[in-house]
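Worksheet for the structure shown next.
Number of protein chains: 2
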Amino acid sequence: MLSEFDLIAHYFTRPPRHADRVPLGVGDDCALLAPAAGMQLAISSDMLVEGRHFFPEADPRLLGHKCLAVNLSDLAAMGARPLAFTLALALPEASSEWLAPFSEGMLALADAHGCELIGGDTTKGPLNICITVFGEVAPGAALRRDAAVAGDEIWVSGSLGDARLALAGYRHEIPLDDATLGEAATRMHAPVPRVALGLALGGIAHAAIDVSDGLAGDLGHILERSKVGAVLNVDALPAGSMLRKQPQELRRRFALAGGDDYELCFTAPRARHEQVLAAGAAAGVAVTCIGRVDAQPGLRLEDTSGAPVSLQLSSFDHFASP
Amino acid sequence: MLSEFDLIAHYFTRPPRHADRVPLGVGDDCALLAPAAGMQLAISSDMLVEGRHFFPEADPRLLGHKCLAVNLSDLAAMGARPLAFTLALALPEASSEWLAPFSEGMLALADAHGCELIGGDTTKGPLNICITVFGEVAPGAALRRDAAVAGDEIWVSGSLGDARLALAGYRHEIPLDDATLGEAATRMHAPVPRVALGLALGGIAHAAIDVSDGLAGDLGHILERSKVGAVLNVDALPAGSMLRKQPQELRRRFALAGGDDYELCFTAPRARHEQVLAAGAAAGVAVTCIGRVDAQPGLRLEDTSGAPVSLQLSSFDHFASP
Chain A
954 MLSEFDLIAH
964 YFTRPPRHAD
974 RVPLGVGDDC
984 ALLAPAAGMQ
994 LAISSDMLVE
1004 GRHFFPEADP
1014 RLLGHKCLAV
1024 NLSDLAAMGA
1034 RPLAFTLALA
1044 LPEASSEWLA
1054 PFSEGMLALA
1064 DAHGCELIGG
1074 DTTKGPLNIC
1084 ITVFGEVAPG
1094 AALRRDAAVA
1104 GDEIWVSGSL
1114 GDARLALAGY
1124 RHEIPLDDAT
1134 LGEAATRMHA
1144 PVPRVALGLA
1154 LGGIAHAAID
1164 VSDGLAGDLG
1174 HILERSKVGA
1184 VLNVDALPAG
1194 SMLRKQPQEL
1204 RRRFALAGGD
1214 DYELCFTAPR
1224 ARHEQVLAAG
1234 AAAGVAVTCI
1244 GRVDAQPGLR
1254 LEDTSGAPVS
1264 LQLSSFDHFA
1274 SP
Chain B
954 MLSEFDLIAH
964 YFTRPPRHAD
974 RVPLGVGDDC
984 ALLAPAAGMQ
994 LAISSDMLVE
1004 GRHFFPEADP
1014 RLLGHKCLAV
1024 NLSDLAAMGA
1034 RPLAFTLALA
1044 LPEASSEWLA
1054 PFSEGMLALA
1064 DAHGCELIGG
1074 DTTKGPLNIC
1084 ITVFGEVAPG
1094 AALRRDAAVA
1104 GDEIWVSGSL
1114 GDARLALAGY
1124 RHEIPLDDAT
1134 LGEAATRMHA
1144 PVPRVALGLA
1154 LGGIAHAAID
1164 VSDGLAGDLG
1174 HILERSKVGA
1184 VLNVDALPAG
1194 SMLRKQPQEL
1204 RRRFALAGGD
1214 DYELCFTAPR
1224 ARHEQVLAAG
1234 AAAGVAVTCI
1244 GRVDAQPGLR
1254 LEDTSGAPVS
1264 LQLSSFDHFA
1274 SP
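Note that the protein sequences, when read in sequence, are chains A and B. In case it helps, the numbering used here puts the first sequence at residues 954 to 1275. In case it helps, the numbering used here puts the second sequence at residues 954 to 1275.
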């Protein structure tokens, strides 16, 4: 059995790679972070609990990736550039079989984004992974939830609902063949944070949020904060490649309220339509216009013909859901 | 049952009190923090787990205080000024009876230090409280573990071992009358982070650490990082007011390796002896010179006569300890 200090040293301590912005990394009472002159820090924390956010038998390498990915997704939704993160970890036991792939999965994604592990904590306890991530953004440039304006177009990156489809397969809510489940599960286990897109949208988009609890609910936060309403074209929603083969009603429900998508939903002036498409192309991710912001409160659903669509949706709530 | 969003809104969302340094607080994908020009950020995370760091029946108001206090103690040990923190919380259920006093205890301490709650996460799960705290410190001014120099005096703030005495009482390792246990338990449940002292030691002390896992072990981290050794006078250790009444051997063991003290252990040049005393007086906390740094590796214990003292000590380790 490794001691706590051996554990940290072995799997999570590396020489700082960006000594200019991380003058002091893992191993002191605090880490020291030096943001570039005049920049603000964007900060987000996410806590992932076994049995709630991931299965007990989750592949530790994918889990390491996902835990950091969901945090980077929050930075992406602010248009912030990743700098660093802390990792606090409660573990039932310190096992190398789990820690080696977990740290590799996490640090590979961290390296891909130049995001440095600068500190944290480890303790014994029911498996719980808490990451706090730091990015930088110029004053006034952050993509806030309260910045949508009536007349804006509403966009979403990538595709929606495949993670929810995989969950439905695991739960036997619907029958899925192994190939479909396997493909859909990739979206659940290995989300790709849209960091480059968030950065490319600076100065173009008004408001943004990352779609973690379901598009309708997350867009609802933008509408509420911005004191506006919206109309979505449910036929325009970019369903995931596996969800696309499912019946219409399921497709719409999972695309609108699936959860675990980690795409960006954002609004931008109509006049910037071409710039948004160019930002998506530059970031290497599809962007789809799915509706428009207006002054009438609430979120209304339409099909392509303009006919109203009624769907029973519920956004994910950690305490209210079963 | 409160929903997750009601819960956050009700107990943890307040208008930002320092809009200059927190342009955006709770409620977006990220919070935004604007450190003063040219300052570095000191960052620390601590995760507290039920049954490991606190008893299941712990008073929620004191627990809220303690969870933030242990993080502020890390800032104190760097000589950093508290700015803000994030709170990630896994709860078995969202109960007002627990959340109201928990948030009150935490936010009262936060307000006392001008440290703003800027974001976080809540989820259902075994009780787990993870705080990440942010302070600011001028470049080069942080009190690092690797900065002790042979010839430095070694100091400790306040008193040691009463928290460990209370634990011994709770565990029935030793008999304690109710009054003694009650008094000692205050040190366990309501630690006072030495923030003002940490700030006052800037430019005076060389190295510092907060004593959370036991003085000998924590001082050991300074020695190892600084590549020096030390001699401690065990008779000089400031035992807590309840521990002082205990037999010598217990007194020494609990003062040296008790844990949960949250005092500052620091080193400073002999020439600064009077300045250290003045810093303690200014911060309103006793500071006691307990030994000296030298070039011989390891930590050696002596009594006041200079005779070597041998004690069986073990620093707290979250995975190795039972």
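Ideal Cβ positions, reconstructed from N, Cα and C, are used throughout, including at glycine. A quick note: this is a predicted structure, and the numbers were derived from the prediction, not measured.
Out of the options, which has the shortest C-alpha to C-alpha gap to residue i?
i, options, result
"Val-1238(B)", "Leu-1154(B), Asp-1171(B) and Gln-1265(B)", "Leu-1154(B)"
"Ser-1049(B)", "Lys-1019(B), Pro-1013(B) and Gly-1067(B)", "Pro-1013(B)"
"Asp-1171(B)", "Glu-1227(B), Leu-1134(B), Glu-1216(B) and Ala-995(B)", "Glu-1216(B)"
"Asp-1115(A)", "Trp-1051(A), Val-1164(A) and Phe-965(A)", "Val-1164(A)"
"Asp-1247(B)", "Gly-1073(B), Pro-1222(B), Glu-1227(B) and Ala-1236(B)", "Pro-1222(B)"
"Ala-1234(B)", "Thr-1076(B), Arg-1147(B) and Pro-988(B)", "Arg-1147(B)"
"Leu-986(B)", "Arg-970(B), Leu-1001(B) and Met-1000(B)", "Arg-970(B)"
"Ile-1071(A)", "Ala-972(A), Arg-1197(A) and Phe-1219(A)", "Ala-972(A)"
"Ala-1030(B)", "Ala-1121(B), Arg-967(B), Ala-1095(B) and Ala-1043(B)", "Ala-1095(B)"
"Val-1181(A)", "Phe-1087(A), Leu-1134(A), Val-1102(A) and Gly-1067(A)", "Val-1102(A)"
"His-1066(B)", "Pro-1045(B), Ser-1026(B), Ala-1091(B) and Ala-1047(B)", "Ser-1026(B)"
"Leu-1264(A)", "Tyr-964(A), Leu-1118(A), Phe-1207(A) and Ala-1231(A)", "Phe-1207(A)"
"Arg-1299(B)", "Arg-1117(B), Ala-1063(B) and Pro-988(B)", "Any answer about residue 1299(B) is impossible in this case: the structure gives chain B only from 954 up to 1275."
"Gly-1244(A)", "Ala-1119(A), Leu-1028(A) and Asp-1105(A)", "Asp-1105(A)"
"Ala-1236(A)", "Thr-1076(A), Thr-1220(A), Ala-1011(A) and Gly-1032(A)", "Gly-1032(A)"
"Gln-1199(A)", "Leu-1015(A), Leu-1113(A) and Lys-1077(A)", "Leu-1113(A)"
Nearest-angstrom Cα distance between residue i and residue j?
i, j, result
"Glu-1255(B)", "Val-1229(B)", "23 Å"
"Cys-983(B)", "Arg-1005(B)", "30 Å"
"Leu-1203(A)", "Gly-1211(A)", "10 Å"
"Gly-980(A)", "Asp-1099(B)", "10 Å"
"Ser-1258(B)", "Asp-959(A)", "37 Å"
"Ala-1169(B)", "Leu-1209(B)", "5 Å"
"Thr-1241(A)", "Ala-1183(A)", "16 Å"
"Ser-997(A)", "Asp-1130(B)", "46 Å"
"Gln-993(B)", "Leu-1152(A)", "24 Å"
"Pro-1250(A)", "Val-1262(A)", "17 Å"
"Ile-1127(B)", "Glu-1136(B)", "15 Å"
"Pro-1275(B)", "Val-1002(A)", "Confidence at Pro-1275(B) is low in this model, with a pLDDT of 35, below 50, so its placement is unreliable and the value that follows should be read with caution. Rounded to whole angstroms, Pro-1275(B) to Val-1002(A) spans 24 Å at the Cα level."
"Gly-991(A)", "Gly-1093(B)", "19 Å"
"Thr-1133(B)", "Pro-968(A)", "47 Å"
"Phe-1008(B)", "Tyr-1123(B)", "10 Å"
"Ala-962(A)", "Arg-1034(B)", "28 Å"
"Cys-1068(A)", "Val-1187(B)", "44 Å"
"Ala-1231(A)", "Arg-1225(A)", "10 Å"
"Met-1195(A)", "Gly-1088(B)", "47 Å"
"Leu-1276(A)", "Asp-1214(A)", "Outside the displayed range of chain A (954 to 1275) lies residue 1276(A), so it cannot be described from this structure."
"Ala-1260(B)", "Leu-1185(B)", "11 Å"
"Tyr-964(A)", "Leu-1052(A)", "7 Å"
"Leu-1120(A)", "Ala-1138(A)", "8 Å"
"Thr-966(A)", "Leu-1028(A)", "23 Å"
"His-1018(A)", "Thr-1085(A)", "14 Å"
"His-1125(A)", "Leu-1150(A)", "35 Å"
"Glu-1046(B)", "Gln-1201(B)", "45 Å"
"Ala-1061(B)", "Ala-1091(B)", "27 Å"
"Arg-1097(B)", "Leu-1044(A)", "28 Å"
So, is the C-beta of residue i closer than 8 Å to a C-beta in chain E?
i, result
"Pro-988(B)", "Considering every chain present, this structure includes no chain E. Its protein chains are A and B."
Mind checking whether the beta-carbon of residue i lies closer than 7 Å to any heavy atom of the ligand FAD?
i, result
"Ala-1149(B)", "As for the ligand FAD, it is missing from this structure, which has no ligand bound."
Chain A contacts from the region 1054-1081 of chain B (Cβ-Cβ distance under 8 Å)
Ile-1071, Gly-1072, Gly-1073, Asp-1074, Thr-1075, Thr-1076, Lys-1077, Gly-1078, Pro-1079 and Asn-1081
Does the region 1037-1052 of chain B come close enough to the region 1159-1169 of chain B that 3 or more CB-CB pairs lie under 8 Å?
no
Cβ pair count under 8 Å reaching 3, the region 972-984 of chain B against the region 1075-1082 of chain A:
no
Given 8 Å, three or more beta-carbon pairs between the region 1057-1070 of chain B and the region 1167-1177 of chain B:
no
Check whether the region 1108-1126 of chain B touches the region 1191-1204 of chain B, counting contact only when three or more Cβ pairs, one atom from each stretch, lie closer than 8 Å.
yes
Interface residues of the region 1209-1232 of chain B facing chain A [CB-CB below 9 Å]:
none
Count Cβ pairs between the region 1015-1025 of chain B and the region 1132-1144 of chain B that sit closer than 8 Å; are there 3 or more?
yes
At a CB distance below 7 Å, what residues from the region 1031-1054 of chain A approach chain B? Give them in sequence order.
Met-1031, Ala-1033, Thr-1039, Ala-1041, Ala-1043 and Ala-1047
Would you list, in chain order, the members of the region 1001-1024 of chain A that have their beta-carbon closer than 9 Å to a beta-carbon of chain B?
Leu-1001, Val-1002, Glu-1003, Gly-1004, Arg-1005 and His-1006
Complete runs of the beta strand (DSSP E) confined to the region 983-1028 of chain B [at least 3 residues]:
984-986 and 993-1002
Going along the chain, which unbroken runs of the alpha helix (DSSP H) with 4 or more residues stay wholly within the region 1107-1134 of chain A?
1115-1123
Note down, in chain order, all residues in the region 1098-1127 of chain B with a beta-carbon under 9 Å from any beta-carbon belonging to chain A.
Arg-1098 and Asp-1099
Suppose only complete runs of 4+ residues qualify. What are the alpha helix (DSSP H) ranges in the region 1138-1162 of chain B, listed by chain order?
1148-1153
Output needed in chain order: residues of the region 969-994 of chain A with a Cβ under 8 Å from some Cβ in chain B.
Pro-976, Leu-977, Gly-980, Asp-981, Asp-982, Cys-983, Ala-984, Leu-985, Leu-986, Ala-987, Pro-988, Ala-990, Gly-991, Gln-993 and Leu-994
Return the chain-ordered ranges of every alpha helix (DSSP H) run that is complete within the region 1014-1095 of chain B and spans a minimum of 4 residues.
1049-1065
Which residues, taken in chain order from the region 1142-1166 of chain A, show a beta carbon closer than 8 Å to some beta carbon of chain B?
Ala-1161, Ile-1162 and Asp-1163
Complete runs of the alpha helix (DSSP H) confined to the region 1161-1207 of chain A [at least 4 residues]
1168-1179
Near-chain A residues of the region 1163-1195 of chain B (beta-carbon distance less than 7 Å), N- to C-terminal order:
Asp-1163
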